[in-house]
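> So that we are looking at the same thing, I have put the structure below in structure tokens.
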Amino acid sequence: MLTGGRVVNSGGQVDADVLIKDGKIEAIGDFTGLVVDGADRVDCGGRLLLPGGVDVHTHIDSPMMGTTTADDFASGTRAAACGGTTTVVDFAMQTPGDTLLGSLENHHKKADGKAVIDYGFHMCITNLYDGATDEFADIMKSGVTSFKVFMAYRGTLMLHDGELFDVLRQSSRVGGQVCIHAENGDVIDRLAADLVAAGKTGPGSHEISRPPSTEVEAVERAIKISRMADAPIYFVHLSTEGAVEAVAAAQSAEWAVAGETCTHYLTLDRSLYDQPGFEAAKVVLTPPLRSEEHRAALWRGLRTGTLSVVSSDHCPFCLAEKKRLGESDFRLIPNGGPGVEHRLSVVYGEGVGQNRITLEKFVELTSTAPARQFGLFPQKGAIAPGSDADIVVFDPKGRTTISAETQNQRMDYTPYEGWDLPGAIAAVYSRGDLIAEYGKYVGKSGRGQFLKRATL
Numbered sequence: 005m006l007t008g009g010r011v012v013n014s015g016g017q018v019d020a021d022v023l024i025k026d027g028k029i030e031a032i033g034d035f036t037g038l039v040v041d042g043a044d045r046v047d048c049g050g051r052l053l054l055p056g057g058v059d060v061h062t063h064i065d066s067p068m069m070g071t072t073t074a075d076d077f078a079s080g081t082r083a084a085a086c087g088g089t090t091t092v093v094d095f096a097m098q099t100p101g102d103t104l105l106g107s108l109e110n111h112h113k114k115a116d117g118k119a120v121i122d123y124g125f126h127m128c129i130t131n132l133y134d135g136a137t138d139e140f141a142d143i144m145k146s147g148v149t150s151f152k153v154f155m156a157y158r159g160t161l162m163l164h165d166g167e168l169f170d171v172l173r174q175s176s177r178v179g180g181q182v183c184i185h186a187e188n189g190d191v192i193d194r195l196a197a198d199l200v201a202a203g204k205t206g207p208g209s210h211e212i213s214r215p216p217s218t219e220v221e222a223v224e225r226a227i228k229i230s231r232m233a234d235a236p237i238y239f240v241h242l243s244t245e246g247a248v249e250a251v252a253a254a255q256s257a258e259w260a261v262a263g264e265t266c267t268h269y270l271t272l273d274r275s276l277y278d279q280p281g282f283e284a285a286k287v288v289l290t291p292p293l294r295s296e297e298h299r300a301a302l303w304r305g306l307r308t309g310t311l312s313v314v315s316s317d318h319c320p321f322c323l324a325e326k327k328r329l330g331e332s333d334f335r336l337i338p339n340g341g342p343g344v345e346h347r348l349s350v351v352y353g354e355g356v357g358q359n360r361i362t363l364e365k366f367v368e369l370t371s372t373a374p375a376r377q378f379g380l381f382p383q384k385g386a387i388a389p390g391s392d393a394d395i396v397v398f399d400p401k402g403r404t405t406i407s408a409e410t411q412n413q414r415m416d417y418t419p420y421e422g423w424d425l426p427g428a429i430a431a432v433y434s435r436g437d438l439i440a441e442y443g444k445y446v447g448k449s450g451r452g453q454f455l456k457r458a459t460l
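Per our numbering, residue 5 is the first one in the sequence shown, and the count goes up by one each step.
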């Protein structure tokens with residue numbers, strides 16, 4: 005029993021105790037004097053009780069760009085837990101030469117017995133071979149109800165418009181939804197080649213090769229193709245004002261279009277590409293960081309509901325690995341960075357702490373809305389009777405200092421080095437088990453469970 009806390013859901017707050025039984029929330033109310041056989045009472049001392057974070061955009065133990073992301077499911081989910089995230093939905097990459105079902109089975113093997121929090125999968129489609137769409141129904145039956153496609157990375161990940169249409173149409177037929185990485189890959193490849201030909205091979209050229217227009221055009225095109233296929237879509241990691249405007253227009257027309265942004269697009273900016281030497285490689289992300297006007301538009305989009313989710317896009321590559329692969333050519337630098345551990349702290353500090361969003365909106369963006377979007381609500385994303393007892397005990401009077409030396413992510417840097425933020429994650433519960441305290445993992449190994457997700 006958690007007593008003396010303030011329960012915060014996306015719809016409001018209340019001072020209440022929380023009774024937990026068999027990993028579920030049994031009841032919420034004033035339980036002063038109530039004695040329950042075998043129940044421990046934990047005094048929360050007036051701290052906030054938040055639903056455990058739901059991060060629907062991670063790349064854990066994922067092969068990409070000639071290497072593999074630095075975190076496996078043990079280290080990656082431990083880092084998530086220490087940062088208040090109790091559920092991740094990870095991208096199962098299609099293995100070259102393998103079927104979708106075979107690739108999905110392989111990803112299950114990576115997570116089973118290693119993950120310490122509950123998890124689900126999206127199925128990434130990078131090669132639409134004959135018969136691939138015939139596997140969609142079986143993938144859906146297994147509890148993986150979303151697919152991902154890339155409109156960039158020609159020759160490795162990218163699908164062309166006709167293939168995108170086929171994926172959208174078949175996904176809609178079986179009741180799934182499609183997550184879209186929206187960038188104009190053909191234009192990006194030409195811009196990048198021009199930069200290299202001009203001798204501009206350093207990491208700062210990454211941003212120049214992917215101007216805002218390459219995202220906006222792809223978003224607008226994907227929306228039109230989704231209408232042709234009569235299919236719902238979800239845009240991952242939007243970074244530009246124009247993309248927000250395109251999504252808003254589609255939503256005004258009552259089209260089934262949703263969008264997320266990520267922690268780094270809200271809090272970091274393109275000036276980091278001007279750093280000397282190879283430092284800019286730390287923020288070689290796709291899409292790249294943008295200027296202040298785009299950041300402001302993203303925050304507005306979150307407040308208005310045009311964008312409904314803030315994810316981490318945790319795609320961790322150590323700086324040493326980035327340098328090994330891409331020191332002589334920015335195109336070869338693995339695209340991505342860490343984020344799953346610090347998502348809640350950074351979004352709370354820069355959002356609630358700077359009066360950009362309310363506390364309830366913070367809960368909505370980081371827990372409730374992603375759970376709803378991907379078929380996990382109300383099991384996840386709420387503190388309510390019947391929901392899993394995934395609870396973050398949050399101290400709004402505390403402070404959090406971020407450092408590569410103290411983080412749990414298996415990384416040699418963090419883009420938030422030295423940030424001192426309001427609020428501290430005091431304790432994290434997953435299905436009623438205490439799994440983290442003040443940034444230290446205290447739970448059992450391999451306790452995470454695979455989540456079979458419902459359709460929209």
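Idealized CB from N, CA, C, for every residue including glycine.
1) Taking 8 Å as the threshold, find out whether the stretch 126-146 comes into contact with the stretch 91-107 through three or more Cβ pairs.
2) According to DSSP, is residue 111 part of a helix, a strand, or is it coil?
3) Using beta-carbon positions only, say whether residue 385 and residue 58 come within less than 8 Å of one another.
4) Give me, in chain order, the residues of the same chain whose beta-carbon lies closer than 6 Å to that of residue 315; leave out the 5 immediate sequence neighbours on both sides.
5) Would you call the stretch 200-215 and the stretch 254-261 in contact, with 3 or more CB pairs under 8 Å?
6) If you follow the beta strand (DSSP E) that residue 100 is part of, which residue opens it and which one closes it?
7) Nearest CA to the CA of residue 368: which residue from 442, 94, 271, 15?
8) Starting from the Cα of residue 435, find the closest Cα among 444, 394, 426 and give me that residue.
9) Per DSSP, what kind of secondary structure is residue 419 in: helix, strand or coil?
10) Quickly, what does DSSP pair residue 10 with across the bridge? List them, please.
11) In angstroms, rounded to a whole number, what distance separates the CA positions of residue 191 and residue 399?
12) So, with DSSP's three-state summary, where would you put residue 121?
13) Residue 326 and residue 338 look like a contact to me (Cβ under 8 Å); what is the Cβ gap, rounded to whole Å?
14) Classify residue 164 as buried or exposed, calling it buried when 16 or more other Cβ atoms lie within 10 Å of its own Cβ.
15) Using C-beta distances below 6 Å, list every residue in its chain close to residue 443, excluding the 5 sequence neighbours before and after it, in chain order.
16) Do the CB positions of residue 69 and residue 96 come within less than 8 Å of each other?
17) Identify whether residue 349 lies in helix, strand or coil by the three-state DSSP scheme.
18) Going straight from the alpha carbon of residue 74 to that of residue 323, what length do you get?
19) Buried or exposed, going by whether 16 or more other CB atoms sit within 10 Å of the CB of residue 47?
20) Given this structure, state the Cα-to-Cα distance separating residue 372 from residue 232, to the nearest angstrom.
21) Straight-line CA distance for residue 34 to residue 437?
22) From residue 332 to residue 83, what does the alpha carbon distance come to, in whole angstroms?
23) For residue 319, report the span of its alpha helix (DSSP H) as first-last.
24) Does the Cβ-Cβ distance between residue 176 and residue 234 come in under 8 Å?
25) In whole angstroms, give me the CA-to-CA distance for residue 451 and residue 212.
26) Which same chain residues end up closer than 8 Å to residue 296 when comparing Cβ atoms and leaving out the 5 residues on each side of it in sequence?
27) Using CA coordinates, which residue listed in 349, 262, 286 is at the minimum distance from residue 308?
28) Taking only the alpha-carbon atoms, compute the straight-line gap between residue 117 and residue 195 and give it to the nearest angstrom.
29) Near residue 237, which residues of its chain fall below 6 Å by C-beta distance, leaving aside the five closest residues on each side in sequence?
30) Let me know the secondary structure DSSP gives residue 448 once reduced to three states.
31) Could you compute how far the alpha carbon of residue 419 sits from the alpha carbon of residue 352?
32) Can you tell me whether DSSP reads residue 142 as helix, strand or coil?
33) When you compare each of 278, 115, 448 to residue 455 by their alpha carbons, which one comes out closest?
34) Identify which residue in 413, 424, 460, 303 has its Cα closest to the Cα of residue 445.
35) Is it buried or exposed for residue 401, if we count other Cβ within 10 angstroms and need 16 for buried?
36) With 16 as the cutoff for other CB atoms within 10 Å, does residue 320 come out buried or exposed?
Well, looking at it:
1) yes
2) Taking the sequence shown and counting its residues from 1, one reaches residue 111 at position 107. Of the three classes helix, strand and coil, the one that applies to residue 111 here is helix, per DSSP.
3) Position 381 of the sequence shown holds residue 385. Position 54 of the sequence shown holds residue 58. Yes. Within cutoff.
4) On the sequence shown, position 311 is the one that residue 315 refers to. Counting only Cβ-Cβ distances below 6 Å, and skipping sequence neighbours, we find 59, 60, 61, 264, 266.
5) no
6) Within the sequence shown, numbered from 1, the residue matching residue 100 stands at position 96. That residue, residue 100, is in no beta strand (DSSP E); it is neither H nor E in DSSP.
7) In the sequence shown, the residue the question calls residue 368 occupies position 364. For the residues 442, 94, 271, 15, the minimum Cα distance to residue 368 belongs to 15.
8) Walking along the sequence shown from the start, residue 435 turns up at place 431. The shortest C-alpha separation from residue 435 is found at 394.
9) Within the sequence shown, residue 419 is the residue found at index 415, counting from 1. Note: residue 419 maps to coil in three-state DSSP.
10) On the sequence shown, position 6 is the one that residue 10 refers to. Paired residues: 19, 52.
11) As a first step, residue 191 is located in the sequence shown; it is residue number 187 there, counting from the start. As a first step, residue 399 is located in the sequence shown; it is residue number 395 there, counting from the start. Looking at the two C-alpha atoms, the distance is approximately 47 Å.
12) Position 117 of the sequence shown, counted from the first residue, corresponds to residue 121. Coil, per DSSP.
13) Here residue 326 refers to the residue found at position 322 when the sequence shown is read from its first residue. Here residue 338 refers to the residue found at position 334 when the sequence shown is read from its first residue. Their Cβ separation, rounded to whole angstroms, is 6 Å, which keeps residue 326 and residue 338 in contact under 8 Å.
14) Translated into positions along the sequence shown, residue 164 becomes position 160. So residue 164 counts as exposed.
15) Taking the sequence shown and counting its residues from 1, one reaches residue 443 at position 439. So the qualifying residues of the chain are 86.
16) Taking the first residue of the sequence shown as 1, we reach residue 69 at position 65. Taking the first residue of the sequence shown as 1, we reach residue 96 at position 92. No, the Cβ-Cβ distance between residue 69 and residue 96 is not below 8 Å.
17) In the sequence shown, counting from the first residue as 1, residue 349 sits at position 345. If DSSP states are grouped into helix, strand and coil, residue 349 belongs with the helices.
18) For the purposes of this step, residue 74 is identified with residue 70 of the sequence shown, where counting begins at 1. For the purposes of this step, residue 323 is identified with residue 319 of the sequence shown, where counting begins at 1. Between residue 74 and residue 323, the C-alpha separation is close to 11 Å.
19) Within the sequence shown, numbered from 1, the residue matching residue 47 stands at position 43. So residue 47 ends up on the exposed side.
20) Locating residue 372 in the sequence shown gives position 368, counting from the first residue. Locating residue 232 in the sequence shown gives position 228, counting from the first residue. Distance between the alpha carbons of residue 372 and residue 232 is about 30 Å.
21) One-based indexing of the sequence shown puts residue 34 at position 30. One-based indexing of the sequence shown puts residue 437 at position 433. Each residue's Cα considered, the two are about 22 Å apart.
22) Residue mapping note: residue 332 aligns to position 328 of the sequence shown, counting from 1. Residue mapping note: residue 83 aligns to position 79 of the sequence shown, counting from 1. Looking at the two C-alpha atoms, the distance is approximately 32 Å.
23) As a first step, residue 319 is located in the sequence shown; it is residue number 315 there, counting from the start. Premise fails: residue 319 is in no alpha helix (DSSP H) and is neither H nor E.
24) The sequence position of residue 176 within the sequence shown is 172, counting from 1. The sequence position of residue 234 within the sequence shown is 230, counting from 1. Yes, the Cβ-Cβ distance between residue 176 and residue 234 is below 8 Å.
25) On the sequence shown, position 447 is the one that residue 451 refers to. On the sequence shown, position 208 is the one that residue 212 refers to. The alpha-carbon atoms of residue 451 and residue 212 are separated by roughly 44 Å.
26) Here residue 296 is taken as the residue at index 292 of the sequence shown, counted from 1. Excluding sequence neighbours, residue 296 sits near 273.
27) What you label residue 308 is simply residue 304 of the sequence shown in a count that begins at 1. Ranking the options by Cα distance to residue 308, first place goes to 262.
28) Stepping through the sequence shown from its first residue, residue 117 is reached at position 113. Stepping through the sequence shown from its first residue, residue 195 is reached at position 191. Using only the alpha carbons, I get a separation of about 44 Å.
29) What you label residue 237 is simply residue 233 of the sequence shown in a count that begins at 1. So the qualifying residues of the chain are 182, 184, 230, 261.
30) By one-based count along the sequence shown, residue 448 stands at place 444. Residue 448: coil per DSSP, three-state reduction.
31) Here residue 419 refers to the residue found at position 415 when the sequence shown is read from its first residue. Here residue 352 refers to the residue found at position 348 when the sequence shown is read from its first residue. Straight-line Cα distance between these residues: approximately 17 Å.
32) The residue given as residue 142 occupies position 138 in the sequence shown. Residue 142: helix per DSSP, three-state reduction.
33) Looking up residue 455 in the sequence shown gives position 451. Nearest option by C-alpha distance: 115.
34) For the purposes of this step, residue 445 is taken as the residue at position 441 of the sequence shown. Residue 445 has its Cα closest to that of 413, out of 413, 424, 460, 303.
35) Mapped onto the sequence shown, residue 401 falls at position 397. The residue in question, residue 401, is exposed, as its Cβ has fewer than 16 Cβ neighbours within 10 Å.
36) Taking the first residue of the sequence shown as 1, we reach residue 320 at position 316. So residue 320 counts as buried.
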